Amino acid sequence: LGTKRTVARVLVFLLNRMEGTMREIERVADMTQPEVSQAVRYMVEQGWVTTEEIPPEWKGRPLKLVSLAIPLDEIIQMIGEEKKTHANRQLSLLKKVRTFVA
Numbered sequence: 017l018g019t020k021r022t023v024a025r026v027l028v029f030l031l032n033r034m035e036g037t038m039r040e041i042e043r044v045a046d047m048t049q050p051e052v053s054q055a056v057r058y059m060v061e062q063g064w065v066t067t068e069e070i071p072p073e074w075k076g077r078p079l080k081l082v083s084l085a086i087p088l089d090e091i092i093q094m095i096g097e098e099k100k101t102h103a104n105r106q107l108s109l110l111k112k113v114r115t116f117v118a
């Protein structure tokens, strides 16, 4: 996909299930809690997913439900645009370096 492996794993999970708790993502995607948290935080910042806290049935911490906020094709398009922008910046820097060397 051209993105971090942890983000890709969460995306694949959500494609198959549409939504799931952070714990379910950890188990099914074989990821640690910090990996899932960081990936989901990044995806929320990008506007790709939403999270919702669900009160526990018993005592304990609330569960965090994660679901896609936009369709996958839009997410892939956004990743592609980000990669193009990054590549163009790198080419621009390379051209500047060449002008200083020449």
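Residue numbering for the sequence shown follows this note's numbering, starting at 17 and increasing by one per position. Glycine included, every Cβ here is placed at the ideal spot set by N, Cα and C. Nothing here was measured: the structure is a model prediction, and the numbers come from that model.
*asked:* So for Glu90, helix, strand or coil by DSSP?
replied: helix
*Check whether the Cβ atoms of Val52 and Glu68 lie closer than 8 Å to each other.*
no
*Assuming Met47 and Arg33 form a contact by the criterion Cβ under 8 Å, report the distance between their Cβ atoms to the nearest whole angstrom.*
Actually they are not in contact, since the Cβ atoms of Met47 and Arg33 sit about 14 Å apart, beyond 8 Å.
*Got a sec, what are the start and stop residues for the beta strand (DSSP E) Thr48 sits in?*
Counting along the chain, Thr48 falls outside any beta strand (DSSP E), and DSSP gives it neither H nor E.
*Identify every residue that forms a DSSP beta bridge with Ser108.*
DSSP lists no partner for Ser108.
*Span of the alpha helix (DSSP H) holding Thr22?*
Arg21 to Arg33
*N- and C-terminal bounds of the beta strand (DSSP E) containing Lys80*: Where Lys80 is concerned, the enclosing beta strand (DSSP E) stretches over Leu79 to Leu84.
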